[in-house]
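A quick write-up on the structure given underneath.
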Amino acid sequence: MTSHLERIGIQTTADRQLLDITPAVRAVVARSGVGEGRVFVNTLHTTTAITVNEGLEDLEDDLLELLARLVPAGAPYRHARFLHADGQMAVNAPSHLCGALLGMHTSFPVHAGRIVAGSRQTVYFVELDGPLHREYTVQVIGDPA
Amino acid sequence: MIDFHVHPVQVAELHAADPALDRAVRDVFGLQMPPQPLATLLLHLDAGGIDHAVMLPIDCTTAHGCTVVSNEQVAWLTGQSSRLIGFASVDPSLPEAPAALEHAVRGLGLRGLKLDPALQQFRLDDEVRAFPVYAMAETLDIPVLVHAGLSWAPKGRAALAHPLALERVVQTFPRLRLVVAHFGWPWVAETVMLALRYPTVSVDTSVLFSGTPAESLRQALTSTVGLDTLDRSLSRQIVFGSNYPRVDPKRAVWAVRELGLRPKLLRRVFHDNAAALLAPTSERP
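Just so you know, the sequences run in chain order E and G. Residue numbering for the first sequence follows our numbering, starting at 5 and increasing by one per position. Residue numbering for the second sequence follows our numbering, starting at 342 and increasing by one per position.
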């Protein structure tokens, strides 16, 4: 059993957006040397998410609009105050709540040194409070090829 | 749109070139978030629809032995993007402060002065220390942004930042253009009184005490001042300021938009008033 982990930086460019990270995940699997195992993708932030869906612009827009309907910006959230631990206003409750709804990770089987995913499945890094420089991890665990 | 109140304390390129900046930002300014590339700052402006932003350093040499971003670092930033407007900061407790301000404006090309009496720990109406700095700012014909009211900085002392202390300054330097930050919260009424009484006093919108920026701004302005007062009496004396990175510029923009100001007033707050302050007297309408 071997483990290969990479920490990948990504510059987001908008308040909310979905970024296709599928090629980066595939590349880490290829570099890992793992033949049979599993790949895990995790975001390192609480106002971002990892999700998987069909890579279509209309669905991306629909997903962001669904989140805005489920977690309205103007509701009276408790998380709306100065956070001394950060030294800045913590006024992004909707971003955190959307992150909780979508989740922070995904995983896929690895077989014959390649990720096993459906042809329509796109791995997204979801920015929910950008723009910021963000990071996520890709870890491949399994038996060497 | 112009953001009149940005602290470039999180710019990774500045931290990489100046190891002392990290301590100043964390211990003195009180921001604990990790640095971000300069690109993120510019993208933040994009997210808020902001064209230009004023970069504010704070010279705390006497009070805390450091600068929370120096004049030279601000000058470097303005060289990286034409969207960034540099202000200077000098330490009024140092006798060379007026000369340092002259160098920052004439030598480095900075276009205004930032003073934070709470963090720099000087009295705004100190005739020996502060008045020579105001005199130089008046001579240089530059606007002066003054922190007033609540200071989120761990070493800030709000009592030194009471806006009423500026009245003697305004009367002594009648051509000096002052911008009182944060609507002076919690001394909003006193700040507005100054602006009503003295046309050379402007106010920035970065009110942040609790709740979202929209809630803070609405509560401060509607309960203490009244939006009609802004429109009737102060329409040329309010400038938009985000106070980034205490809060994201985009949310500060949303907060002002949610006030429901008339389009003409909104245009003045977001752009025209700041543009007039930044222009030399000879170029102002």
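Glycine included, C-beta positions come from ideal geometry on N, C-alpha and C. Bear in mind that the values here come from a model prediction, so they are computed numbers and not experimental data.
Backbone CA spacing between residue i and residue j [nearest angstrom]
i                      : j                      : result
residue 372 of chain G : residue 12 of chain E  : 25 Å
residue 74 of chain E  : residue 555 of chain G : 20 Å
residue 534 of chain G : residue 87 of chain E  : 31 Å
residue 404 of chain G : residue 359 of chain G : 20 Å
residue 116 of chain E : residue 66 of chain E  : 35 Å
residue 24 of chain E  : residue 58 of chain E  : 10 Å
residue 56 of chain E  : residue 407 of chain G : 48 Å
residue 492 of chain G : residue 106 of chain E : 37 Å
residue 486 of chain G : residue 501 of chain G : 15 Å
residue 627 of chain G : residue 356 of chain G : The structure shown does not extend to residue 627 of chain G, since chain G is modelled only from 342 through 626, so no value can be given for it.
residue 467 of chain G : residue 509 of chain G : 10 Å
residue 386 of chain G : residue 134 of chain E : 11 Å
residue 95 of chain E  : residue 83 of chain E  : 6 Å
residue 443 of chain G : residue 484 of chain G : 13 Å
residue 628 of chain G : residue 68 of chain E  : Chain G is shown from 342 up to 626; residue 628 of chain G falls before or after that span and cannot be answered.
residue 449 of chain G : residue 441 of chain G : 10 Å
residue 453 of chain G : residue 446 of chain G : 8 Å
residue 297 of chain G : residue 53 of chain E  : No answer is possible for residue 297 of chain G: the residues shown for chain G start at 342 and end at 626.
residue 7 of chain E   : residue 111 of chain E : 14 Å
residue 457 of chain G : residue 362 of chain G : 18 Å
residue 26 of chain E  : residue 100 of chain E : 24 Å
residue 381 of chain G : residue 393 of chain G : 14 Å
residue 557 of chain G : residue 565 of chain G : 12 Å
residue 422 of chain G : residue 354 of chain G : 14 Å
residue 47 of chain E  : residue 104 of chain E : 12 Å
residue 619 of chain G : residue 612 of chain G : 11 Å
residue 72 of chain E  : residue 377 of chain G : 27 Å
residue 85 of chain E  : residue 5 of chain E   : 47 Å
residue 465 of chain G : residue 624 of chain G : 29 Å
residue 432 of chain G : residue 475 of chain G : 12 Å
residue 482 of chain G : residue 615 of chain G : 15 Å
residue 415 of chain G : residue 14 of chain E  : 26 Å
residue 585 of chain G : residue 469 of chain G : 32 Å
residue 60 of chain E  : residue 519 of chain G : 52 Å
residue 439 of chain G : residue 480 of chain G : 10 Å
residue 9 of chain E   : residue 139 of chain E : 13 Å
residue 579 of chain G : residue 572 of chain G : 10 Å
Beta-carbon spacing of residue i, residue j below 8 Å
i                      : j                      : result
residue 546 of chain G : residue 581 of chain G : yes
residue 130 of chain E : residue 29 of chain E  : no
residue 114 of chain E : residue 33 of chain E  : yes
residue 524 of chain G : residue 544 of chain G : yes
residue 540 of chain G : residue 521 of chain G : no
residue 600 of chain G : residue 559 of chain G : yes
residue 460 of chain G : residue 401 of chain G : yes
residue 653 of chain G : residue 529 of chain G : Summary: the structure shown does not reach residue 653 of chain G, with chain G confined to residues 342 through 626, and so no result is reported for it.
residue 549 of chain G : residue 587 of chain G : yes
residue 379 of chain G : residue 424 of chain G : no
Cβ distance (whole Å) where residue i is taken to contact residue j below 8 Å
i                      : j                      : result
residue 41 of chain E  : residue 119 of chain E : Their Cβ separation, rounded to whole angstroms, is 11 Å, which puts residue 41 of chain E and residue 119 of chain E out of contact at 8 Å.
residue 575 of chain G : residue 536 of chain G : 6 Å
residue 45 of chain E  : residue 109 of chain E : 6 Å
residue 350 of chain G : residue 366 of chain G : 5 Å
residue 591 of chain G : residue 62 of chain E  : Contact flag wrong, Cβ pair sits at about 25 Å.
residue 455 of chain G : residue 428 of chain G : 5 Å
residue 370 of chain G : residue 409 of chain G : 5 Å
residue 148 of chain E : residue 78 of chain E  : About 53 Å separates the two Cβ atoms, so there is no contact after all.
residue 132 of chain E : residue 51 of chain E  : 5 Å
residue 412 of chain G : residue 430 of chain G : 7 Å
Classification of residue i by the beta-carbon crowding that lies within 10 angstroms, buried from 16 upward
i                      : result
residue 490 of chain G : buried
residue 603 of chain G : exposed
residue 93 of chain E  : buried
residue 398 of chain G : buried
residue 478 of chain G : buried
residue 622 of chain G : exposed
residue 563 of chain G : exposed
residue 609 of chain G : buried
residue 497 of chain G : buried
residue 389 of chain G : buried
residue 91 of chain E  : buried
residue 64 of chain E  : buried
residue 352 of chain G : buried
residue 594 of chain G : buried
residue 583 of chain G : buried
residue 36 of chain E  : buried
Chain-ordered neighbours of residue i on chain C, where CB pairs are closer than 7 Å
i                      : result
residue 371 of chain G : This model lacks chain C altogether; the protein chains it does include are E and G.
Residues of the segment 375 to 400 of chain G whose Cβ lies closer than 7 Å to any Cβ of chain E, in chain order: For the segment 375 to 400 of chain G, the set of residues with a beta-carbon nearer than 7 Å to any beta-carbon of chain E comprises 377, 378, 380, 381, 384, 385 and 388, in chain order.
Could you please tell me which residues of the segment 348 to 368 of chain G, in chain order, have their CB closer than 9 Å to any CB of chain E? Answer set for the segment 348 to 368 of chain G: 353, 366 and 367.
Contacting positions in the segment 77 to 108 of chain E - beta carbon closer than 7 Å to chain G: Those residues of the segment 77 to 108 of chain E that come within reach of chain G (Cβ to Cβ, closer than 7 Å) are 84, 85, 86, 89, 90, 91, 92, 93 and 95.
Interface residues of the segment 532 to 559 of chain G facing chain E [CB-CB below 9 Å]: Listed in sequence order: 549, 550, 551, 552, 553, 554, 555, 556 and 557.
Proximal residues, the segment 130 to 143 of chain E versus chain G, C-beta separation under 9 Å: Those would be 133, 134, 135, 136 and 137, in chain order.
Pull out every residue of the segment 14 to 32 of chain E whose Cβ sits closer than 7 Å to any Cβ of chain G, in chain order. Listed by position along the chain: 15, 17, 18 and 19.
What residues from the segment 571 to 587 of chain G come within 7 Å of chain E, judged by C-beta to C-beta, listed N to C? Going along the segment 571 to 587 of chain G in chain order, one finds 586 and 587 with a Cβ nearer than 7 Å to chain E.
Closer than 8 Å between beta carbons: that is the criterion. Which residues of the segment 477 to 493 of chain G meet it against chain E? Within the segment 477 to 493 of chain G, the residues whose Cβ lies closer than 8 Å to some Cβ of chain E are 493, listed in chain order.
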